[in-house]
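Read through the structure below, which is laid out as structure tokens, and then see the notes.
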Amino acid sequence: MAQHPEHCDQLMGFQALEWADPNWQGVGKLPQGWAIIASFVAADCQVRGIGKALFQATRLRAQIAGVCNIDATIRADNPSGLRYYAKLGFIEYQRIADVALSKGMVADKVCTAFSVIKPF
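Under the numbering used here, the first residue of the sequence shown is numbered 3, with each subsequent residue one higher.
Now the structure itself:
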């Protein structure tokens with residue numbers, strides 16, 4: 003989590019990492035040893051290196067926990083999210099077409115991965 007240095011009550015960004023569910027039977031099932039990442043940086047705080055700093059800390063924690071690979075699945079219509087993960091070294095490994103979203107919306111998703119233990 004990153005807080006604004008001048009406004010301690012303003013959240014600038016956060017990142018979450020959780021183990022992939024080995025019992026998941028739906029689309030996007032991941033192998034054992036994989037974790038799933040989610041990132042957010044406030045719009046007015048982007049392009050300041052916050053996301054990169056958050057990922058450096060997350061990557062270290064993932065190594066300590068024994069994570070092999072980190073999955074970031076991003077909507078195809080989210081170019082800033084795709085660029086962010088690509089800059090960190092995530093590599094696309096799958097596209098899932100026509101994923102049902104809330105309110106009847108449908109979007110493609112891009113599955114990307116980062117190898118924590120060796121080059122992907």
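Glycine residues also receive a C-beta, built at the ideal position from the N, C-alpha and C atoms. Here the structure is a predicted model, which is why all the values come from computation and not from measurement.
When you compare each of the options to residue i by their alpha carbons, which one comes out closest?
i: residue 97; options: 19, 17, 30, 13; result: 30
i: residue 20; options: 13, 27, 52, 60; result: 60
Checking the sheet assignment: what are the DSSP bridge partners for residue i?
i: residue 27; result: BP columns for residue 27 are empty, so no partner.
i: residue 114; result: 74, 94
i: residue 42; result: 16
i: residue 101; result: 109
Could you tell me the distance, in whole angstroms, from the CA atom of residue i to the CA atom of residue j?
i: residue 46; j: residue 86; result: 16 Å
i: residue 17; j: residue 78; result: 20 Å
i: residue 101; j: residue 49; result: 29 Å
i: residue 113; j: residue 105; result: 22 Å
i: residue 39; j: residue 14; result: 17 Å
For the ligand FAD, I want to know if residue i counts as a neighbour, meaning its beta carbon is within less than 7 Å of at least one of the ligand's heavy atoms.
i: residue 63; result: Summarising the ligand content, the structure contains no ligands, and the ligand FAD is consequently not present.
Less than 8 Å between the beta carbons of residue i and residue j, yes or no?
i: residue 80; j: residue 36; result: no
i: residue 118; j: residue 69; result: yes
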